[in-house]
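Mapping the sequence shown onto this note's numbering, position 171 (from 1) lands on 712, and the numbers just tick up by one.
Structure record follows, encoded as structure tokens.
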Amino acid sequence: MTSYLEKVRETSAMSRRNFMKASAAATAALAATGLTGCANQVKTADTGETGPNVGSDGRNLVDGTWVSAACWHNCGGRCVNKVLVQDGVVVRQKTDDTHEDSYDHPQMRGCGRGRSQRQQVFSADRLKYPMKRKHWEPLTGGDKSLRGIDEWERISWDEALTYVADEIKHVMDAYGPRAIYCPGGDDIFRTLALNGGYTYSHSTSSVGNWAWLHNYGYGFIGLEGNDRYDLFNSDYVVMFGSNPAWSSAGNPSWFYKHLKDAGVKFIAIDPFFNDSYDLLDAEWIPVYPGSDAALLLGVAHTMLAEDGEKGLIDWDFLHTYASGFDAESMPEGADPKENFMDYVLGTYDGVPKTAEWATEHCGAAPEAIRKLAEVMGKANNVNLFSAFAPGRIINAEYFPAIFATVGLMGGHIGKPGNSVTTSSNSWAANSRTDMFVAGQTGLEPLPNPIDDMINDVDAWDAILEGKYLHTGMTYLFQPGEVRDIDIHIIYHGGLNGGSVGTEVCSLQTKPNLNKGIEVHRKVDFVVTQAYTYNTDARYSDIVLPVTTEWEREGRLFNYQKEAMIAYGKVCEPLFEAKSDQQVARELAEKLGLNPDDAFPISEKQQYFNQLATAALLDETGTPQPVATITQEDIDAWGVEGTPQEGLIPLQQWIDQGVFSVPRSKDDAYAACIGYAAFIEDPVANPRPTASGKFEIYSPTVRDMFASTTRENGVASATPVWQPILDGYEGSFANWETKEKGPYPYIVYNPHYLRRSHSTFDNVGWLRNAWAHPVYISAQDAREKGIADGDTVILWNDNGKTLRPACVTERLMPGVVGLPHGGWVDIDEETGIDRGGADNILCGSHTSVSGVIGWNSCLIDFAKYDGEPLMADIEKPQTVIF
């Protein structure tokens, strides 16, 4: 059967220029009609003469009211976003201009993603009405093989929610609540919990193997760092796998540039010399994805070998603040032979982890490793920063602990100009120590009565095979237990709220997408709440259109260290869209429940409560309410509350969209040094470990990993190197002879300016600006006869995908960069994905920790001999109804 999307393609003669033109016109017209009621068509806006205050289409772009608007996606920024509204129509966007921009008081400026937000909110491809799959049948699923390619029929909300409720009731009666799998959606969680529960998922997600250093055993709870003003005391910043210019565009790169201009030197450890490193004139040490631990072991060996001559190691610091480095500092009862130093020297395993040994595994030159060891010596002030990316690797469980240990060797913790921490998202180039206390909605937690939680990496296999390994939540490990599971419903529940506020797209963002599609064509029923026709919606039976954050009451974001961002409602819901919470309430009624039991207060009251309870921690650490609230405010909002004195009038805060704190190098926040209290007085301020110190040797971590019963990898108290599954070592059929195997290239998935994860991939402006290519080293491209712009096919046992080539000297040979988050677009005849979806290639296997290894994946690639790939910007929008 011809896919519905194929019919769209076949009937579309839309050129690139016409597509952009139509999309822009549709945006304006949809905003105009949708804001005044449930319009169901898109009309081209009238044009007129241009002038000083007039846009190219004749609109007045100056007069109107600026309204704070959400920039809510999970990019790590969530910056200030404002829209100009004229007669209920959004005509312009801007970002933070509440004060003059300076390093002491930076504006919270948005990037291209945030500035294109209206192209998403008011796009012609918004989901407008509830709809069902044409060949779906209640309680049987109809022809399930047509999920993803079927046509759609418009239905009413009453019909849609009745269908969903009937399916849930049927499955609850026949199989129980464990048969309902709901991987995301904060509001629907509450309704399903009230109805008896659901099977949930968990994942190492963004943080990967950093979870263990953050939360367990080693004593680095929270991975504290230093304030941005302290970074000027540094001699060096060493960055692992970091690219804030792409992944968290906004202030982080600007903060780093101030350091560079002040003379701080940057060193980049990465397979790709990215835009951030270029901005900072960083010295580049190229390494294979997942080989960071090998590199650092080579650094540690060099520091030990050259310590006598150069005095690189701070032995007093190591012995005072850490245990397990050498035999004399091992905890009582532990085998002294398992200390870290003897492991590095190869005393007992016969394998010294020299710079040359490290080179064989990571690709960096021995000279570069030895130079890095000297930089890491105690004579220098060093900030050792890593993004999360190097932790999203199978068999890299111990990289974060090795990373921290090398920092300890040089004494780079708890001192001015020195830190060892993760540096990513909005806290890149700034400590994660909060200056604000997040406001609370007032909704009490509603626990799920069911304790089944499936690791995302296991999810598709679990549903296909009917069993899974239960280990509890990611951060609350329980002993591994194989459980039977029989999933009949998949419910994709829309937004996850809190400080994230991002649309969950589970099918698109879990590994092994082809297997996920198989699962979605197996179960009895799939329902999705979404505002765009994303991958979850496409493979569903019933789709429920929900509002974006611009159409909701508002939310508070506590994601910037020095600012609290508030935004309100820009417009009424477009077409027939409802908020996720409204859907959850109405479904509760259909299920015979009292929705007030799940949501006892209104969405407006929840937003007000967030504003009223948000606080700034002043320079003494005392919380001060942010909002000044009067009785007149409470009456105008129509909510319950108590007047209070704060730092900014409530309405002014909402109008500005942000409350930010001016800084200076002399304020109390600037003295924030990670772990300083412990370093100053380790007896009075012990670490939360058995020894009270940082524990390089951690039986807690060993026992935790062993308890999972997963077989791939080792459970070790000593942080050790392991060959990376689907990494460089795995690319060889024979490691000793260096004979390459069938998949000789490592593909990794950098975050990309076109998207925030998978969100925004349908936005025309961003498709026009960012082509979503596959990055290939110039050397590899020459060997395969690939030129810039050629269509390339990438494949492995999990699937095949196409992308245009971007040939570059900035990527090390043997590594391929496929940006994260491209929407899957399967050709049903060939089985080839035309969307460049990274999870088509990433497999659903893991190691002892249960980590998802998005950056450890082996492939081959070649110039595609079929029809050249259509540029993404040439693809027509998927407009349904």
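Positions of the beta carbon are idealized from the N, C-alpha and C atoms, including for glycine.
Beta carbon of residue i nearer than 8 Å to that of residue j
i: GLY766; j: SER972; result: yes
i: VAL1068; j: TYR1032; result: yes
i: ASP833; j: ILE808; result: no
i: ILE721; j: ILE1030; result: yes
i: TRP1178; j: PHE1149; result: yes
i: ALA790; j: CYS903; result: no
i: LEU853; j: LYS806; result: no
i: TRP735; j: ASP1138; result: Correcting the residue type first, residue 735 is Leu in the shown sequence and not Trp. The answer is yes: Cβ separation under 8 Å.
i: VAL796; j: ALA970; result: A small fix is needed here, since residue 796 is Phe in this sequence, not Val. Result yes, Cβ atoms of PHE796 and ALA970 sit closer than 8 Å.
i: ALA928; j: LEU838; result: no
i: VAL1045; j: GLY725; result: yes
Length of the line joining the Cα atoms of residue i and residue j
i: ILE1393; j: ILE934; result: 7 Å
i: GLN1197; j: GLU1094; result: 16 Å
i: GLU908; j: PHE814; result: 19 Å
i: TYR1405; j: GLN1019; result: 47 Å
i: SER1434; j: GLY738; result: For the chain, the structure presents residues 542 to 1422; residue 1434 sits outside this window and is missing.
i: VAL1087; j: GLY1215; result: 42 Å
i: ALA1359; j: ASN1290; result: Looking at the sequence provided, one finds Leu at residue 1359 rather than Ala. Distance between the alpha carbons of LEU1359 and ASN1290 is about 5 Å.
i: ALA611; j: ASP999; result: 34 Å
i: ALA586; j: ILE1028; result: Its pLDDT being 33, under 50, ALA586 is placed unreliably by the model, and the measurement read from it follows with that caveat. Near 48 Å, if we compare the C-alpha coordinates of ILE1028 and ALA586.
i: HIS1292; j: PRO1184; result: 44 Å
i: ALA1218; j: TYR741; result: 39 Å
i: ALA566; j: GLY831; result: Residue placement at ALA566 is poorly supported in this model, since its pLDDT is 47, which falls under 50; the coordinates still yield a value, given next. Their Cα atoms are separated by approximately 46 Å.
i: LEU602; j: GLY689; result: 41 Å
i: PHE1402; j: LEU836; result: 27 Å
i: LEU1476; j: ARG1251; result: As shown, the chain starts at 542 and ends at 1422. That puts residue 1476 outside it, with no answer to give.
i: ILE1373; j: GLY1340; result: 7 Å
i: ASP1244; j: THR1259; result: 12 Å
i: PRO1417; j: ARG731; result: 37 Å
Status (buried if at least 16 other CB within 10 Å, exposed otherwise) for residue i
i: ALA715; result: exposed
i: ALA1225; result: exposed
i: ALA937; result: buried
i: THR895; result: buried
i: SER1205; result: exposed
i: LYS675; result: exposed
i: LEU1036; result: buried
i: ASN1253; result: exposed
i: ASN615; result: buried
i: ASN1135; result: exposed
i: ASP876; result: exposed
i: ASP645; result: exposed
i: ALA1153; result: buried
i: GLN1263; result: buried
i: PHE1422; result: exposed
i: GLU1006; result: exposed
From the options, residue whose alpha carbon lies closest to that of residue i
i: GLU1090; options: VAL662, LYS1056, GLY629, ASP637; result: VAL662
i: GLU915; options: GLY782, SER964, HIS711, LYS851; result: LYS851
i: TYR1074; options: VAL1180, TRP613, TYR939, SER664; result: SER664
i: LEU772; options: GLY958, GLY951, THR681; result: GLY958
i: GLY1384; options: ASN996, PRO1052, VAL1111, GLU1277; result: PRO1052
i: GLY782; options: PHE926, ASN1339, PRO671; result: PHE926
i: LEU764; options: ILE1237, THR974, GLY865, ASN792; result: THR974
i: GLY1187; options: PHE1200, GLN1165, ASP1207, ASP883; result: GLN1165
i: ARG656; options: ARG619, GLY1407, PRO679; result: ARG619
i: ILE1004; options: ARG719, ARG1296, MET1353; result: ARG719
i: SER1239; options: SER1248, SER1257, GLY1233; result: SER1257
i: TYR777; options: HIS953, LEU733, LYS710; result: HIS953
i: SER1272; options: ILE1381, GLY1355, MET1014, ARG1351; result: GLY1355
i: GLN1424; options: MET672, ASP1207, ASP637, ARG1096; result: The structure shown has nothing for residue 1424, since the chain only spans 542 to 1422.
i: LEU1085; options: VAL705, GLY683, ARG633, SER1388; result: VAL705
Any C-beta of chain C under 8 Å from that of residue i
i: ARG769; result: Structure shown: chain C not included; a single protein chain is present.
Practice task
Please confirm if the stretch 1351-1371 is in contact with the stretch 1046-1065, defined as three or more CB-CB distances below 8 Å between the two stretches.
Solution key: The answer is yes - the stretch 1046-1065 touches the stretch 1351-1371, with three or more Cβ pairs under 8 Å.
Problem - Stretch-stretch touch, CB-based, cutoff 8 Å, three pairs: the stretch 1332-1346 with the stretch 1312-1322 - result: yes
Practice task
Give a yes or no on contact between the stretch 1096-1112 and the stretch 617-632, applying the rule of three or more CB pairs nearer than 8 Å.
Solution key: yes
Problem - Given 8 Å, three or more beta-carbon pairs between the stretch 815-825 and the stretch 1329-1343 - result: No, they do not touch.
Practice task
Could you say if the stretch 1118-1135 and the stretch 1097-1109 meet the contact criterion of at least three C-beta pairs nearer than 8 Å?
Solution key: no
Problem - At least 3 beta-carbon pairs within less than 8 Å: the stretch 745-755 vs the stretch 939-958 - result: yes
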